[in-house]
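Under the numbering used here, residues 55 to 131 are what the sequence shown spells out, in order.
Think of the CB as a built atom: it goes at the ideal place given N, C-alpha and C, for glycine as much as any other residue.
Only a predicted model underlies this, so the values are computations on that prediction, with no experimental measurement involved.
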Amino acid sequence: MHLIIEANGQIRCLYEEAIDISQLGQLTISRGSFVEPNLDGTWWADLTPVQGPRLGPFARRSDALAAEVAWLERHWL
55 MHLIIEANGQ
65 IRCLYEEAID
75 ISQLGQLTIS
85 RGSFVEPNLD
95 GTWWADLTPV
105 QGPRLGPFAR
115 RSDALAAEVA
125 WLERHWL
């Protein structure tokens with residue numbers, strides 16, 4: 055789990071349950087993307103909530119989730 059601590063004290067991370075982040079202060083949790091299937095059964099990672107691209111199609115949901123995390127770690131964190 056990567057925690058980005060900004061100069062103003064704000065912390066950004068991809069939410070995981072590896073640690074109890076509520077111990078760091080008041081939380082604001084927002085969605086960074088949507089991973090959903092298409093009508094043809096392929097999967098897409100839509101990163102528009104963080105002004106990112108729409109990634110896909112992927113044959114498996116796990117592949118879309120991995121692409122989502124990789125993009126967020128590279129471009130958002």
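Cutoff 8 Å; reference I73; Cβ partners in own chain excluding five residues on either side: Here the question's residue 73 lines up with position 19 in the sequence shown. Same-chain partners within the cutoff: M55.
Extent of the continuous beta strand (DSSP E) to which L109 belongs: The residue given as residue 109 occupies position 55 in the sequence shown. From DSSP, the beta strand (DSSP E) with L109 extends over R108 to F112.
Minimum C-alpha distance to S87 - residue among R115, V123 and L131: Along the sequence shown, one-based indexing puts residue 87 at 33. Selected option, being the one with the closest Cα: V123.
Opposing strand residues paired with E90 [DSSP bridges]: Working through the sequence shown from its first residue, we reach residue 90 at position 36. DSSP output for E90 lists W98 as bridge partner(s).
For E127 and L68, believed in contact at Cβ under 8 Å, the rounded distance: As a first step, residue 68 is located in the sequence shown; it is residue number 14 there, counting from the start. As a first step, residue 127 is located in the sequence shown; it is residue number 73 there, counting from the start. Contact flag correct, Cβ pair sits at about 7 Å.
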